[in-house]
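Residue numbers (this note's numbering): 6 to 635.
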């Protein structure tokens with residue numbers, strides 16, 4: 006290549022990277038702004054009985070900007086949430102072709118998003134639409150979102166160009182990828198206004214097959230849902246353009262206040278980690294329980310449960326408690342694989358004991374009360390904790406070499422250790438008391454908890470500037486990825502609602518007159534199978550729109566089914582071969598290899614299944630608190 010051309014390409018590449026980083030940095034600032042604005046609003050309501058006007062509106066607009074500002078950086082680093090189930094087993098040449106196909110489809114989606122944000126901008130400019138509370142021009146925010154979408158497009162094109170530069174045989178490798186991407190793009194034109202397009206059931210099942218194919222080819226979960234929803238709507242609409250117009254509603258799809266709880270709970274977990282609350286929790290539990298069979302492992306599980314009550318994320322719970330507990334367990338000659346498996350299982354409690362990101366996702370998709378779901382998770386969460394502890398004790402008694410007993414500790418020292426738990430207990434009382442006392446809503450709880458933990462970490466001087474910035478960026482990263490998936494869910498949901506496919510399936514189940522527990526067993530088996538193959542949060546978001554009408558048709562309580570769903574989500578996070586918590590723990594210092602952790606985690610998977618059976622036989626365990634307190 007010409008040296009001058011090479012130099013120009015480097016400058017372009019550097020410019021794209023800088024602009025993606027700049028927009029991504031704005032995402033971190035946006036996360037902190039969302040936390041601050043919610044805390045100020047809650048504080049003004051409580052102390053001055055005068056809420057901060059427009060705080061919800063500002064949060065929604067910030068969520069919209071964070072999504073589109075962050076997509077470029079995530080695309081540049083190719084870190085979208087995707088499934089590696091099939092692509093890892095392909096030959097290098099086949100992998101090149103699949104990667105190029107995925108990159109071309111992603112670039113096409115980015116171009117479509119940019120186009121329709123531009124059209125939305127023109128529409129808002131002409132109508133002169135303002136936000137209802139603060140009277141801000143919507144067109145201004147949409148044009149900023151458009152800028153982010155254009156950066157996303159640049160990043161996607163840059164990935165294509167970079168990949169082409171690495172290819173050894175450009176013509177041979179490029180043609181099949183290009184042909185496959187064109188075929189997907191042409192599907193609406195080929196199938197529109199045909200006999201096939203008027204059979205909504207066939208179009209629905211065809212689109213589900215397309216969705217699964219795209220996911221297996223490692224198109225991002227969000228991208229696959231967006232593409233499938235758009236293609237399906239273009240096929241069944243009066244004109245393909247009418248089907249594409251679903252993207253005009255995209256700004257409204259992402260400006261959903263309830264989505265803000267996701268980054269806020271993650272941010273709170275980050276601040277909790279830096280405030281050293283997890284270390285104090287495990288230290289106290291180990292003093293009280295360490296001399297029993299499997300005592301340190303039970304202390305680790307108890308620590309996970311306590312940490313779960315102030316952090317809504319399983320992975321954050323598992324990694325925090327593993328970093329604290331695993332070295333101590335190794336010091337007492339605990340088997341590394343057993344210890345790692347126990348902490349992996351304990352980490353799953355992070356999405357069952359409230360606050361819980363799992364319940365939040367479920368509530369958003371099924372339009373249920375977050376507060377009722379949080380209450381419903383308490384008793385099943387502690388039931389599962391007890392099952393985990395009993396299983397750990399049985400294993401330790403049968404195999405004492407895996408978990409040697411510790412030395413007894415004087416009662417005075419045990420009681421003294423409880424003082425270390427005051428910050429954690431204070432945070433739990435502050436959050437849950439505020440939620441159920443009506444001081445702030447469950448949607449605001451994450452931001453208020455994050456703000457409280459931030460102030461505590463500052464007072465302890467345990468939050469460095471580097472850790473603070475890292476916390477913001479990690480929260481922004483999760484926010485962008487999850488909101489992109491939720492955008493995909495809304496587009497795919499619009500298509501499924503048009504085809505009536507979920508309701509057809511629900512009617513089929515009702516007409517079969519099958520026992521509803523047989524239907525539930527089939528759903529549970531399906532989730533167990535899918536949990537072995539897919540990352541669980543996208544899996545639940547993908548399947549709930551289709552399954553939930555069937556659940557309602559069978560007469561199951563939606564709050565009760567939410568707990569069942571979250572229990573199955575927990576199982577998927579430690580189930581081989583795609584157990585994300587096991588993957589993460591196996592990469593930590595001192596942890597056992599992945600295959601050994603999976604072997605020792607099996608008894609805990611059995612505990613989750615037993616818990617599913619228990620709450621099915623005794624649904625009162627789930628419904629008692631929501632019915633009594635709300």
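All residues carry an ideal CB built from backbone N, CA and C; glycine is no exception. Keep in mind it's a predicted model, so treat the numbers as computed, not measured.
Could you give the C-beta distance for residue i and residue j, rounded to a whole number, given that I count them as a contact under 8 angstroms?
i: residue 476; j: residue 320; result: About 15 angstroms separates the two Cβ atoms, so there is no contact after all.
i: residue 270; j: residue 362; result: 6 angstroms
i: residue 255; j: residue 118; result: 7 angstroms
i: residue 651; j: residue 389; result: There is no way to answer for residue 651, as the model of the chain reaches only from 6 to 635.
i: residue 3; j: residue 197; result: The first residue shown for the chain is 6 and the last is 635, placing residue 3 beyond what the model contains.
i: residue 509; j: residue 206; result: 6 angstroms
i: residue 602; j: residue 346; result: 5 angstroms
i: residue 230; j: residue 496; result: 7 angstroms
i: residue 136; j: residue 143; result: 6 angstroms
i: residue 191; j: residue 105; result: Not really, about 18 angstroms apart at Cβ, beyond 8 angstroms.
i: residue 457; j: residue 432; result: 6 angstroms
Using the DSSP secondary-structure output, state which residues sit across from residue i in a beta bridge.
i: residue 78; result: In DSSP, residue 78 forms no bridge with anything.
i: residue 135; result: 142
Between residue i and residue j, is the Cβ-Cβ spacing less than 7 angstroms?
i: residue 262; j: residue 65; result: yes
i: residue 170; j: residue 73; result: no
i: residue 311; j: residue 348; result: no
i: residue 291; j: residue 87; result: no
i: residue 67; j: residue 452; result: no
i: residue 156; j: residue 25; result: yes
i: residue 315; j: residue 266; result: no
i: residue 493; j: residue 186; result: no
i: residue 367; j: residue 570; result: yes
i: residue 703; j: residue 422; result: Absent from the structure is residue 703, since the part of the chain shown begins at 6 and ends at 635.
i: residue 268; j: residue 402; result: no
i: residue 354; j: residue 394; result: no
i: residue 161; j: residue 122; result: no
i: residue 28; j: residue 100; result: no
i: residue 485; j: residue 79; result: yes
i: residue 631; j: residue 336; result: no
i: residue 550; j: residue 498; result: yes
i: residue 612; j: residue 429; result: no
i: residue 593; j: residue 322; result: no
i: residue 221; j: residue 91; result: yes
i: residue 279; j: residue 462; result: yes
i: residue 300; j: residue 294; result: yes
i: residue 627; j: residue 385; result: yes
i: residue 159; j: residue 71; result: no
Buried or exposed: where does residue i fall if 16 or more other Cβ atoms within 10 Å of its Cβ makes it buried?
i: residue 23; result: exposed
i: residue 565; result: buried
i: residue 248; result: buried
i: residue 344; result: buried
i: residue 625; result: exposed
i: residue 600; result: exposed
i: residue 607; result: exposed
i: residue 633; result: exposed
i: residue 522; result: exposed
i: residue 358; result: buried
i: residue 520; result: exposed
i: residue 487; result: buried
i: residue 36; result: buried
i: residue 52; result: exposed
i: residue 526; result: exposed
i: residue 210; result: exposed
i: residue 502; result: exposed
i: residue 219; result: buried
i: residue 96; result: exposed
i: residue 258; result: buried
i: residue 404; result: exposed
i: residue 140; result: exposed
i: residue 587; result: buried
Quiz item: Fully enclosed by the stretch 155-207, which alpha helix (DSSP H) runs are 4 residues long or longer?
Solution: 175-196
Exercise. Note down, one range per segment and in chain order, each alpha helix (DSSP H) of at least 4 residues found wholly within the stretch 431-469.
Key: 447-465
Self-check item: Within the stretch 227-302, ranges of the alpha helix (DSSP H) (whole runs, at least 4 residues)
Solution: 245-249, 255-259, 266-279, 282-294
Quiz item: Which ranges would you report for the alpha helix (DSSP H) in the stretch 88-133 if only whole runs of at least 4 residues count?
Solution: 97-132
Exercise. Identify every run of the alpha helix (DSSP H) within the stretch 334-372, keeping only runs that are complete inside it and at least 4 residues long; order them along the chain.
Key: 341-352, 362-371
Self-check item: Segments assigned alpha helix (DSSP H), at least 4 residues, entirely inside the stretch 16-73
Solution: none
Quiz item: Unbroken alpha helix (DSSP H) runs of length 4 or more, entirely within the stretch 522-593: which are they?
Solution: 541-558, 563-577, 585-591
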